[in-house]
Amino acid sequence: MVSINRQLRRIQTAAAALGLLTAALLPSFSGAVVYAFPTGAQVTNRSIKLSSAKQSDTGVSYDVKFTSPSNYTVKGIVVDFCAGSPIVGDATCVKPTGFSIPASPTITLTSGISGGTWVSGATAVNTNRTLKISDTTGNAINNAAIEFTITGVTNTSTLGTFYARVVTYNAEGAGTDYANYVAGTEGSTTAVDYGGFALSTAAQLNVTAKVQESLVFCVYTTGATCAGATGTAVPLGDANGVLSSYSTNYTNTANFNVASNAQGGVIVNLKGENICRVASPCGLANTGNIIVPSGTSCTADVATTGTEQFGLRVSALGSGVSAASGNYGCGSGSHAFNEVGTMGTYGEELARTSGAGDEVQSTVEFMAKAATTTEAGIYTTTLSMIATGTY
Amino acid sequence: MHVWGLNIDQLLKKIPICISVALLLIGVAPHVFAAGPTQLPNRYDKISGSGASSTTSHTIGFNITNLSVPVGSITIEFCSNSPLIEDPCTPPAGFDASIANLNSSSGEPGFSIGPGSTANKIILTRPASLPTGSPAQFIFSNLTNPSSTGSYFTRLQTFTSTDGSGLPIQYGGMVFAIVSPLSITTEVPPYLTFCVGVTIVGMDCSSINAYFIDVGELSTQAVRAASSEFVIATNAANGYSIIISGATLTSGSHVIPAITPANTSAPGTSQFGLNLRANSSPNIGNEPSGYLAGIIAGSYATPNKFQFVNGDTLVSSASTSDYEKFTTSYITNVSGVQEAGIYTTTMTYIALANF
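From first to last, the protein sequence lines are chains A and B. Under our numbering, read the first sequence as residues 1 to 391, first letter to last. Under our numbering, read the second sequence as residues 1 to 355, first letter to last.
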C-alpha cells in the first residue's frame, strides 16, 4: 500500500509536472495513451543545427547531434520531422509543409557511428519526412555522443517552429522495431534511446548599405590635402620670375591629390599648350613664340647658352600612383613636354592610380631655361589636369 | 509497475522533456533590390576639360551585361549631390547639356539624343533591342561644365522603354572633378651684347684692350690698311642693325675723299673706305664668324671693294642672334697732290636691337 501510494504520488507529481511542462511547452499534447515505447533513456545534449533558416531554402544541411546514454550496440537511427510535436510516442506527426529529405539522402558521419552502411543505406520514408540510417553490425556505445549531417534538405515553407524526433535501435533487420517504425509506435523491444528537438525557420534580414562612387581631386601649389589646398600660379625663374641666366634650368613645383573608390583606378591627364609669349600661334612650328620643349619624352636638361628648354616631370608619386611611362616619369635632371598629346581633345596621360585608394599627394616639377636666342617677352601657359575614374 | 493499465515506469521516464532548440541563423541579403536592376561595370565619364564653366566633351563608357532584356533608352543624368539613383538629383549649378551633340558611339548602335533631354539629363533612345554585349561608348560635345570646382556625379540607367521611363534594367554612377588650372609663367628679359675694339679674343668683349689704330705714313706707292672687330648678340625678335657713324680722314680742311660707290684700292689715288670681308688686295680682314644671323650690307660685302658713307648700315639681321663677330677692314690711299698733314677720324658703331 505504501509502495502503491508512493507510486501514486509519483504519478500525481509526474502528471502535474507533465501537465505543467505540457502547458508551458506543448499545449497541443493530449493525454497519456498506451503505446510501445523505447526501452532506454532520453538522449541528452541534443541539437539539430541548420545551415540555413530561410523558408523553402534548398540544399540545407542539418547537423544532428545527441548523446545516447544507454550501453548497447546501436544499429539503427530514425529522425522524424513533424510540424506539430517533438514527443516520441505521439502518433500524430505531420510533415512540415514543403519540408523534404532527399530520397537517397547524403549523410556525413562525425562521431559515435562509423563504417558499415550508415551512409550508403540512408533512406527517406514517409514522403521524405523521416530519415532512417542503419548498419547491420552497428557500433557499440555507452553514453556516447553521436553526430551526423544530413545534406540536401529542403526547409519547410512555413515560418516558425517545427520539430524532430530521434529514436535509436539495437537491431535493424526485417520485423524489428526499426524496420516497422511508425510515429507513435516507435517500438519497445529494440528501440533504445529517444528524444525531441525543436527547430525554426526565421525571416531573412535584408541588410543594405549604400557606398556611393567617390572622387576627390585637386591641383594646387600650397598645402598638403585638398581640404586646405590653395594656389595655382607657378612662376619659373629667379626670385623675380625671370630667366636671367642662360645657363640655368629654373624649376618650380605644383601638386595634385587624388582619392577614389574607383576599382579600375583613376587616370590623370594633362592638357595645355607650349609656354608662349603671344596669344597665338604657339605650336611647335612657331619657335619664335615659344620656349621650345625639351622633348616629347624625358630629355636631359642642358646648360649650354644656345639651347632653350621647357618641360615637366612627376617628381614625387603618392602611394599607388604611377607616372606615365616614358613621358613624364623622368628622373631628376630630365623633363618632357609633348604638345601633340597635351593639345589632344582629352590631353595626355600624366599619371594614374592602380585602383581605389585614400587621398595621396603627387608632385609635378616644371622647368624652363632660356637661350641667348630666346626672344624677349613674358611667356605663359595654362595647364589643366583632368581625372577620370573607372568604376 | 502498472496502475490502471498504464506503464508508470515508462511514463515517468518521459518526464521532464527538454526541448532542444535548433540554432537560428539570420540571413543577410546583400542586394539593395531583391530581384531588380544590376550595376553596369567598367563605367567612366571622361571629360575633355576640367575648368569651371568651360565647354567640354564627355566620353561615357560602360558595359551592358544583362543581355536578355531589350534596351530602348539610356539616361545620363548629371547631379551635384549623389551618384545614387535612389537619391534626388540636384542639377549642378552652371552645368548645361541642353545643346549637347552625340558625336559618335560604339558598342551599342542606333542611339540618338531623344526628346525629354534637359540641361542636366541626356536621354538616348532607339527602338528597343537586345544589347550586343560589346563595351559601349558615347562621345558628347558641347556640354558646359559646372561653374564651381568640386566633384560631380553622372548617373547611368538603361530601360526597355524608349523614353527613360519605367524600372531600370541596369544602373551605375560615376564621378568627375572640376579643378582650377595651373598658370605657368616666366619672363625672358631683352638683352643686347655689343662691343668694338681693335681685336677681340673669341667672342669675349672683356678681352678688348685697344681702340686706336695708327696706319702709319701714307704713300702714293702703296695702300695703307688696318682692321678692327665688333661682336654682337641679342634676343631681339626682330633682329639688329649695326650703323657706322663718322667722317672720312681729315687734317684740318684737307680731306682724303671717301670711296663711294664701292671700289677697289687704287694706290696714288686719294681714297678712304672699308668693308667687312676678308680681302686679298690688300691682304686685310676676316670673314664673319659665330652665329651668322647678320647679313652684311651689299656695299660692304664684296672682298677687295671698299666704301664709306656716314650713317650706312653695315650689318643687319631679321631675328635673334647668338654671338657673332665681324672684322672691319680700312684702306687709305693718297695721290701725289694730297696735302701734307696728320689725318684722323673717329668711327662710331651703333647697334640697334629691334624687339
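Think of the CB as a built atom: it goes at the ideal place given N, C-alpha and C, for glycine as much as any other residue.
Which chain A residues sit within Cβ distance under 9 Å of residue i?
i: B:SER134; result: Those do not exist, as B:SER134 stays about 17 Å from chain A at its closest Cβ, beyond 9 Å.
i: B:SER253; result: What B:SER253 touches in chain A: nothing, since even the nearest Cβ is about 47 Å away.
i: B:ASN42; result: GLY264, THR390 and TYR391
Which residue wins for smallest C-alpha separation from residue i, given the options the options?
i: B:ALA318; options: B:ASN333, B:LEU352, B:GLY133 and B:SER299; result: B:LEU352
i: B:CYS89; options: B:PHE95, B:ALA97, B:CYS79 and B:ASP96; result: B:CYS79
i: A:LEU350; options: A:SER134, A:GLU365, A:GLU359 and A:VAL292; result: A:GLU365
i: A:GLY115; options: A:GLY264, A:THR137 and A:PRO102; result: A:THR137
i: B:TYR240; options: B:TYR323, B:ASN42, B:SER316 and B:ILE47; result: B:SER316
i: A:ASP193; options: A:ASN143, A:GLY184, A:CYS218 and A:GLN204; result: A:ASN143
i: B:LEU67; options: B:GLU108, B:ASN275 and B:ILE76; result: B:GLU108
i: A:TRP118; options: A:PRO105, A:PHE66 and A:VAL125; result: A:PRO105
i: B:ASN279; options: B:GLU324, B:ILE296 and B:ALA225; result: B:ALA225
i: B:ASN354; options: B:PRO41, B:THR264 and B:SER321; result: B:SER321
i: B:ILE184; options: A:ILE291, A:CYS93 and A:TYR246; result: A:ILE291
i: B:PHE138; options: B:SER161, B:GLY246, B:GLU187 and B:GLY110; result: B:GLY110
Which of the three DSSP states is assigned to residue i in this structure?
i: A:GLY389; result: strand
i: B:CYS205; result: helix
i: B:SER129; result: strand
i: A:ALA32; result: Annotation note: pLDDT 45 at A:ALA32 (below 50); position unreliable, no value reported.
i: A:CYS282; result: coil
i: B:PHE33; result: A caution first: B:PHE33 carries a pLDDT of 45, below 50, which makes its placement in the model unreliable, though a value can still be read off. In the structure shown, B:PHE33 sits in coil (DSSP, three-state: anything other than H, G, I, E or B).
i: A:ALA16; result: No answer about A:ALA16 holds up, because its pLDDT of 39 lies below 50 and its placement is not dependable.
i: A:THR372; result: coil
i: A:LEU21; result: Below a pLDDT of 50, predicted positions are generally treated as unreliable, and A:LEU21, at 39, falls in that range; the measurement from the model is reported next regardless. Three-state DSSP puts A:LEU21 in a helix.
i: B:GLY116; result: coil
i: B:ILE8; result: Reliability of the predicted coordinates at B:ILE8 is poor, the pLDDT of 43 falling under 50, and no value is obtained from them.
i: A:SER111; result: strand
i: A:THR382; result: strand
i: B:GLY61; result: strand
i: A:VAL2; result: Because the pLDDT at A:VAL2 is just 38, under 50, the model does not fix this residue reliably, and the value given afterwards should be weighed accordingly. Three-state result, A:VAL2: helix.
i: B:ALA353; result: strand
i: B:TYR152; result: strand
For residue i, which residues in chain A fall below 7 Å Cβ to Cβ?
i: B:SER48; result: THR345 and TYR346
i: B:THR320; result: THR373 and GLU375
i: B:SER151; result: LEU215 and VAL216
i: B:ALA233; result: THR372
Which first and last residues belong to the beta strand (DSSP E) in which residue i is found?
i: A:VAL360; result: 357–369
i: A:THR67; result: 60–82
i: A:TYR346; result: Looking at the DSSP string, A:TYR346 is not in any beta strand (DSSP E), and its letter there is neither H nor E.
i: B:ILE184; result: 182–188
i: B:PHE140; result: 136–144
i: A:ALA147; result: Residue 147 of chain A is actually Glu in this sequence, not Ala. Its beta strand (DSSP E) spans residues 130–153.
i: A:ALA209; result: Here A:ALA209 belongs to no beta strand (DSSP E), and DSSP marks it neither H nor E.
i: B:SER245; result: 240–245
i: B:GLU86; result: No beta strand (DSSP E) holds B:GLU86; DSSP gives it neither H nor E.
i: A:LYS49; result: 44–50
i: A:TYR181; result: Premise fails: A:TYR181 is in no beta strand (DSSP E) and is neither H nor E.
i: A:LYS271; result: 266–271
i: B:MET174; result: 170–178
i: A:ASP193; result: 191–200
i: A:VAL125; result: 123–125
i: A:PRO105; result: No beta strand (DSSP E) contains A:PRO105, which DSSP labels as neither H nor E.
i: B:PHE194; result: 192–197
i: A:VAL216; result: 215–220
At 8 Å on the CB atoms, spell out the chain A contacts of residue i, in chain order.
i: B:SER82; result: GLN212
i: B:TYR240; result: Result: empty, since nearest Cβ-Cβ is about 12 Å, beyond 8 Å.
i: B:PHE355; result: ALA376
Got a sec, what are the start and stop residues for the alpha helix (DSSP H) residue i sits in?
i: A:GLU339; result: 339–342
If the cut is a Cβ gap below 9 Å, which residues of chain B does residue i touch?
i: A:PRO69; result: Chain B residues near A:PRO69: none, gap ~11 Å exceeds 9 Å.
i: A:VAL242; result: THR186, GLU187, VAL188 and PRO189
i: A:GLY288; result: ALA237, SER319 and THR320
Would you say residue i touches the ligand PLP, meaning its beta carbon is less than 8 Å from a heavy atom?
i: B:THR65; result: Ligands are entirely absent from the displayed structure, and the ligand PLP is therefore not among its contents.
Just the chain B side, please: which residues come within less than 7 Å of residue i by C-beta, in chain order?
i: A:PRO235; result: THR185 and THR186
Find the residues of chain B that neighbour residue i, judging by a C-beta separation of less than 8 Å, and give them in chain order.
i: A:THR232; result: SER180, PRO181, LEU182 and SER183
i: A:ALA323; result: Result: empty, since nearest Cβ-Cβ is about 17 Å, beyond 8 Å.
Any residues in the stretch 162–188 of chain B with a beta carbon nearer than 8 Å to a beta carbon of chain A? Which ones, in chain order?
GLY172, GLY173, MET174, VAL175, PHE176, ALA177, VAL179, SER180, PRO181, LEU182, SER183, ILE184, THR185, THR186, GLU187 and VAL188
Using a beta-carbon distance cut-off of less than 7 Å, what residues from the stretch 207–223 of chain A approach chain B?
VAL207, THR208, LYS210, GLN212, GLU213, SER214, LEU215, VAL216, PHE217, CYS218 and VAL219
Give me the subset of the stretch 354–384 of chain A whose CB atoms are less than 9 Å from a CB atom of chain B, sorted by chain position.
VAL364, PHE366, ALA368, ALA370, ALA371, THR372, THR373, THR374, GLU375, ALA376, GLY377, ILE378, TYR379, THR380, THR381, THR382, LEU383 and SER384
So if I threshold CB-CB distances at 9 Å, which residues from the stretch 268–286 of chain A count as touching chain B?
ASN269, LYS271, GLY272, ILE275 and ARG277
At a Cβ cut of 8 Å, what residues of the stretch 305–319 of chain A count as close to chain B, listed as they run along the chain?
THR305 and GLY306
Residues of the stretch 147–172 of chain A whose Cβ lies closer than 8 Å to any Cβ of chain B, in chain order:
none
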